[in-house]
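J.: Residue numbers (the numbering used here), protein chains in the order written: chain A, 1 to 69; chain B, 1001 to 1312.
Each residue gets a CB set at the ideal place from its N, CA and C atoms; glycine is no exception.
Got a structure here, written out as structure tokens. Questions coming.
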Amino acid sequence: MIRAEHELHQRRLGRNVGVALSLVALIAIVLGLTFVKVTRGGGAAALEGFDHAVRPGMTTPETTAGEGN
Amino acid sequence: MSDVNAYERTEEPGFGDYVALLKPRVMSLVVFTAMVGLLVAPVPVHPFIAFTSILFIAIGAGASGALNMWWDADIDAVMSRTQKRPIPAGKVQPGEALGLGVALSGLSVMMLGLAANLAAAALLAFTIFFYAVIYTMILKRWTPQNIVIGGAAGAFPPMVGWVAATGSVSLEAVLMFGLIFFWTPPHFWALCLFMKSDYADAKVPMLTVTHGHDAARRQIFIYTLVLAASALALGFTSIAGPAYIATALVMNALFAKGAWAILRRTTEAAQADGYKVEKSFFKLSLIYLTLHFGALLADAALRALGLIGGAA
């Protein structure tokens, strides 16, 4: 039978909670970054980029201006 | 080099012991200077991207701190100032510090590259390499100019912040680097003059030990003059405004005066009054750096509010 509560769980609780919170924070940051990058600048054209063929429309100043990230 | 068997685990490490490996006090300084470097840049950065960039610059700095503690565990155990660090205290194994340092180095560089740009990520990677390998592993135990070179690692964060915003290095970024780079030697050697250090026991060549106090006094004065020139030069760039110029004029005059007083003193005189001048110079050095970067931030705020003209 598996003992659900081991002494180790109690001893390492602080560490485990700390690691869990760090990972949740990292997920939130990656999600936030994705949201910011997708919703601003360039629009769909910038996201699509030169997907399969060079599109002259991509090189016009309207779509290439910006700080490049 | 660390000897795994020398640090037996005495108690269960907590989360805080791993945080301590990242040198949180150094990280707070990195957060401040990287933030200034990023915010004074003439390119607006999205607040969340700015936050993420500064966070991962700080984590990168923390990672290099963990690598430093891994490599230097043997001398940390000898010196009283560092004996309570997690590895010599027996809480964290050297291998854990190495693992954490390498993992967080990779994570911070990758995340900065994704959040800001590849140039900033490359510069952060170089900073970590510089501090962990060039400074910690090679030069620290080899040359009395170790503090000068170590100072360069501490001087990179505002430059990384600037590159995160603009994508490239410019004169302003170089002069912000210079501000910390030339500030570190007088700041640290002043501390060495009045702190009873045990660098000699740890066989770390510290200038005050290898060349004596008089040489250290001369070096403090020389670096303070170079620092003043560098700080005033920053006043002529686009990021400086009235707040910075006023701060630089006043603080550099005070700092040069303090360095001159240190140069003119003898060790006997210093011992007689309990290193009063050296201690006040050290305190002044902390205010000096805070005010310079604070003034840069104030000028950026003034520009943003449209109260003064400028590049932004």
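Looking at C-beta atoms only, is the number of pairs between the stretch 1148-1157 of chain B and the stretch 1117-1127 of chain B that lie closer than 8 Å three or more?
T.: Yes: at least three Cβ pairs fall under 8 Å.
J.: At a cut of 8 Å, does the stretch 1028-1041 of chain B reach the stretch 1137-1150 of chain B through at least three beta carbon pairs?
T.: no
J.: Using a Cβ-Cβ cutoff of less than 7 Å, which residues in the same chain neighbour B/A1057 once the five nearest sequence positions on both sides are dropped?
T.: Here residue 1057 of chain B refers to the residue found at position 57 when the second sequence is read from its first residue. The displayed chain sequence assigns Ile, not Ala, to residue 1057 of chain B. Excluding residues within five positions, the ones whose Cβ falls inside 7 Å are V1030, A1034, L1112, L1124, P1157, V1160 and G1161.
J.: Please say whether B/A1216 and B/T1224 have beta carbons closer to each other than 8 Å?
T.: Residue 1224 of chain B sits at position 224 when you count from the first residue of the second sequence. Residue 1216 of chain B sits at position 216 when you count from the first residue of the second sequence. No, the Cβ-Cβ distance between B/T1224 and B/A1216 is not below 8 Å.
J.: Would the beta-carbon of B/L1021 fall within 8 Å of that of B/V1092?
T.: Within the second sequence, the letter at position 21 stands for residue 1021 of chain B. Within the second sequence, the letter at position 92 stands for residue 1092 of chain B. Yes, they are a contact pair.
J.: Strictly below 7 Å CB to CB, what residues from chain A border B/G1014?
T.: Along the second sequence, read from residue 1 onward, the residue named residue 1014 of chain B stands at position 14. Correct list: G14 and R15.
J.: Would you mind telling me which residues of chain A sit closer than 8 Å to B/A1058, beta carbon to beta carbon, in chain order?
T.: By one-based count along the second sequence, residue 1058 of chain B stands at place 58. For B/A1058, no chain A residue has a Cβ inside 8 Å of its Cβ, as the nearest lies near 13 Å away.
J.: Among B/S1168, B/A1233, B/L1302 and B/T1267, whose alpha-carbon lies nearest the alpha-carbon of B/D1214?
T.: Taking the first residue of the second sequence as position 1, residue 1214 of chain B is located at position 214. Here the closest residue by C-alpha is B/T1267.
J.: Straight-line CA distance for B/P1177 to A/E7?
T.: Here residue 1177 of chain B refers to the residue found at position 177 of the second sequence. Here residue 7 of chain A refers to the residue found at position 7 of the first sequence. The residue you asked about is not Pro; residue 1177 of chain B is Phe in the sequence shown. So the alpha carbons of these two residues sit roughly 50 Å apart.
J.: Between which two residues does the alpha helix (DSSP H) carrying B/I1262 extend?
T.: Numbered from 1 along the second sequence, position 262 holds the residue referred to as residue 1262 of chain B. It spans P1242 to R1264 - the alpha helix (DSSP H) in which B/I1262 sits, taken as one unbroken run.
J.: Under 8 Å between the Cβ atoms of B/A1066 and B/G1101?
T.: As a position in the second sequence, residue 1066 of chain B is number 66, starting the count at 1. As a position in the second sequence, residue 1101 of chain B is number 101, starting the count at 1. Yes; because the gap between Cβ atoms is below 8 Å, this pair is in contact.
J.: Would B/Q1219 pass as a contact of B/W1189 if the rule is Cβ separation under 8 Å?
T.: Taking the second sequence and counting its residues from 1, the one referred to as residue 1219 of chain B is at position 219. Taking the second sequence and counting its residues from 1, the one referred to as residue 1189 of chain B is at position 189. Cβ distance < 8 Å, so B/Q1219 and B/W1189 count as in contact.
J.: Scan the stretch 1103-1137 of chain B for residues whose Cβ lies nearer than 7 Å to a Cβ of chain A and list them as they occur along the chain.
T.: So the close ones are L1114, A1115, A1116 and N1117.
J.: Is the CB of A/I29 under 8 Å away from at least one CB in chain B?
T.: For the purposes of this step, residue 29 of chain A is taken as residue 29 along the first sequence, with counting starting at 1. A/I29 counts as touching chain B.
J.: With B/A1132 and B/S1064 assumed to form a contact (beta carbons below 8 Å), what rounded beta-carbon distance in angstroms separates them?
T.: Walking along the second sequence from the start, residue 1132 of chain B turns up at place 132. Walking along the second sequence from the start, residue 1064 of chain B turns up at place 64. Contact holds; Cβ gap of about 5 Å.
J.: Starting from the beta carbon of B/H1046, find every residue of chain D whose beta carbon is closer than 8 Å, and list them in chain order.
T.: Of the protein chains in the structure, A and B, none is chain D.
J.: Let me make sure I understand the geometry here. Which of B/L1254, B/A1240, B/K1283 and B/G1090 has the alpha-carbon closest to that of B/V1036?
T.: Position 36 of the second sequence, counted from the first residue, corresponds to residue 1036 of chain B. Nearest C-alpha to B/V1036: B/A1240.
J.: Looking at the C-beta of A/G66, does it have a partner C-beta in chain B at a distance below 8 Å?
T.: For this step, residue 66 of chain A is matched to residue 66 along the first sequence. Confidence is the limiting factor: at A/G66 the pLDDT is only 49, short of 50, which leaves the residue's position unreliable and the question unanswerable from this model.
J.: Can you tell me the Cα-Cα spacing of A/T64 and B/H1046, whole angstroms?
T.: Numbered from its first residue, the first sequence carries residue 64 of chain A at position 64. Numbered from its first residue, the second sequence carries residue 1046 of chain B at position 46. Note that A/T64 has pLDDT 47, beneath the 50 cutoff, so the model's placement of it is unreliable and the number below is only indicative. Cα to Cα, the separation comes out at about 18 Å.
J.: By Cβ distance, which residues of its chain are closer than 8 Å to B/V1277, with the 5 residues on each side in sequence left out?
T.: For the purposes of this step, residue 1277 of chain B is taken as the residue at position 277 of the second sequence. Same-chain partners within the cutoff: G1258, A1261, I1262, R1265 and A1270.
J.: Using the C-alpha atoms, what's the distance from B/V1226 back to B/R1141?
T.: The residue given as residue 1141 of chain B occupies position 141 in the second sequence. The residue given as residue 1226 of chain B occupies position 226 in the second sequence. Approximately 25 Å between the Cα atoms of the pair.
J.: Using 8 Å as the limit for Cβ to Cβ distance, is B/G1161 near chain A?
T.: Counting from 1 along the second sequence, the entry for residue 1161 of chain B is found at position 161. It does not; no Cβ of chain A falls within 8 Å.
J.: Let me know the secondary structure DSSP gives B/S1080 once reduced to three states.
T.: Taking the first residue of the second sequence as 1, we reach residue 1080 of chain B at position 80. Coil, per DSSP.
J.: To the nearest angstrom, how far is the alpha carbon of B/A1298 from that of B/G1274?
T.: Taking the first residue of the second sequence as 1, we reach residue 1298 of chain B at position 298. Taking the first residue of the second sequence as 1, we reach residue 1274 of chain B at position 274. If you take the alpha carbons of B/A1298 and B/G1274, they lie about 37 Å apart.
J.: For A/R15 and B/W1071, what's the separation of their Cα atoms in angstroms?
T.: Here residue 15 of chain A refers to the residue found at position 15 when the first sequence is read from its first residue. Here residue 1071 of chain B refers to the residue found at position 71 when the second sequence is read from its first residue. Those two C-alpha atoms are separated by around 24 Å.
J.: Going by alpha carbons, who is nearest to A/L23 out of B/A1061, B/L1104, B/A1041 and B/I1075?
T.: Within the first sequence, the letter at position 23 stands for residue 23 of chain A. Ranking B/A1061, B/L1104, B/A1041 and B/I1075 by Cα distance to A/L23 puts B/L1104 first.
J.: Hey, out of B/T1210, B/P1205, B/A1050 and B/A1173, whose CA is closest to B/I1138's CA?
T.: Position 138 of the second sequence, counted from the first residue, corresponds to residue 1138 of chain B. The shortest Cα separation from B/I1138 among B/T1210, B/P1205, B/A1050 and B/A1173 belongs to B/P1205.
J.: Please report how far the alpha carbon of B/I1210 lies from the alpha carbon of B/F1281, in whole angstroms.
T.: Counted from its first residue, the second sequence places residue 1210 of chain B at position 210. Counted from its first residue, the second sequence places residue 1281 of chain B at position 281. Note that residue 1210 of chain B is Thr in the sequence shown, not Ile. Roughly 22 Å separates the two Cα atoms.
J.: Taking the beta carbon of B/H1292 as the centre, do at least 16 other beta carbons fall within 10 Å, making it buried, or is it exposed?
T.: Along the second sequence, read from residue 1 onward, the residue named residue 1292 of chain B stands at position 292. Around the beta carbon of B/H1292, 16 or more other beta carbons sit within 10 angstroms, so the residue counts as buried.
J.: Would you say B/T1052 lies against chain A (beta-carbon separation less than 8 Å)?
T.: Residue mapping note: residue 1052 of chain B aligns to position 52 of the second sequence, counting from 1. Yes - at least one Cβ of chain A is within 8 Å of the one on B/T1052.
J.: Thinking C-beta only, is B/A1120 closer than 8 Å to B/T1052?
T.: As a first step, residue 1052 of chain B is located in the second sequence; it is residue number 52 there, counting from the start. As a first step, residue 1120 of chain B is located in the second sequence; it is residue number 120 there, counting from the start. No. Outside cutoff.
J.: Report the neighbours of A/L33 on chain B: residues whose CB is nearer than 9 Å to its CB, in chain order.
T.: As a first step, residue 33 of chain A must be located in the first sequence, where it is residue number 33. Ordered by position in chain B, the residues that pass the 9 Å Cβ test against A/L33 are F1048, I1049, T1052, M1111, L1114 and A1115.
J.: What's the gap between the Cα of B/L1179 and the Cα of B/F1236?
T.: Within the second sequence, numbered from 1, the residue matching residue 1179 of chain B stands at position 179. Within the second sequence, numbered from 1, the residue matching residue 1236 of chain B stands at position 236. If I take the Cα positions, the gap works out to 14 Å.
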